[in-house]
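Quick notes on the structure that follows.
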Amino acid sequence: MFGPHDLVLSPRGLRFRGRVFPVSIGKGGLSGEKREGDGATPRGVHRIVGMLYRADRMAQPAPAALPIGPGDLWSDDGADPSYNQFVRAPHPYGHERLRRADRLYDLVLLTDWNWPVAQPGKGSAIFVHRWRKRGHPTEGCLALRPPDLLWIARRIVPGTRLYIP
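Per my numbering, the sequence shown starts with residue 927, numbered consecutively.
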């Protein structure tokens, strides 16, 4: 069921390539019924479909990683025709800035949660990103220590999946 290149959430942490990393999940816990704004991390099997990074703060972590620019956003507005998609500023619908003042999105692994054809209200943007601090919950994403996230980002391959039981 799990392949050697898959990330697996377990009670001990996030397992990957024989290692276990401490991880933070959403403040709403794990959910099989994810909804926009519930703070939950969705259960299921999610593919890693992309990687973004702050080129002004770090070197490119992997050949496929794309730099985050000043106008890069992610739509989180269910009324937006581009809901749960990468968009650019100016954008008239609700969105989240990818180029943040803090360091949470210096490196981001994108999952295919509710993507590429999004159902409004089902939840947007489940990322794997840096954590604020150990044990601090996210808005639904998974978060790791910066060196652990970088270690993983350098080793994922096309087809890597994220299992959240």
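In this text, a Cβ means the ideal position worked out from N, Cα and C, and glycines have one as well. All values reported here derive from a predicted model rather than from experimental measurement.
When you compare each of the options to residue i by their alpha carbons, which one comes out closest?
i	options	result
ARG1058	GLY1047, ASP1003, ALA1027 and TRP1041	ALA1027
HIS1021	ARG1029, LEU1030 and TYR1009	TYR1009
GLN986	GLY1066, VAL1034 and GLU1065	VAL1034
GLY965	THR1064, ALA1079, ILE1078 and LEU1076	THR1064
LEU1024	LEU978, PRO1046 and GLY939	LEU978
GLY1047	LEU1070, GLY1004 and GLN1011	GLY1004
LEU1030	LEU1070, PHE1012 and GLY929	LEU1070
HIS1062	SER936, GLY955 and ARG945	GLY955
PRO1084	ARG983, ALA988 and PRO993	ALA988
Between the C-alpha atoms of residue i and residue j, what's the straight-line distance to the nearest angstrom?
i	j	result
ARG1082	ALA981	Residue 1082 is actually Ile in this sequence, not Arg. Between ILE1082 and ALA981, the C-alpha separation is close to 19 Å.
ALA990	ASP1032	15 Å
ARG1087	GLY976	12 Å
ILE974	PRO1042	12 Å
Please go through the same chain and pick out, in chain order, the residues whose beta-carbon is closer than 7 Å to the beta-carbon of residue i, but skip the five residues on each side of it.
i	result
TRP1039	PRO968, HIS972, GLY1049 and ILE1052
ASP1074	PHE947
Using the rule of at least 16 other Cβ atoms within 10 Å of the residue's Cβ for burial, across every protein chain shown, is residue i buried or exposed?
i	result
ARG1056	buried
GLY952	buried
ALA1015	exposed
Return the chain-ordered list of same chain residues with a C-beta closer than 6 Å to the C-beta of residue i, the five sequence neighbours on each side being excluded.
i	result
PHE942	LEU933 and ILE1078
Which residues does DSSP list as the beta-bridge partners of residue i?
i	result
SER950	ALA1069
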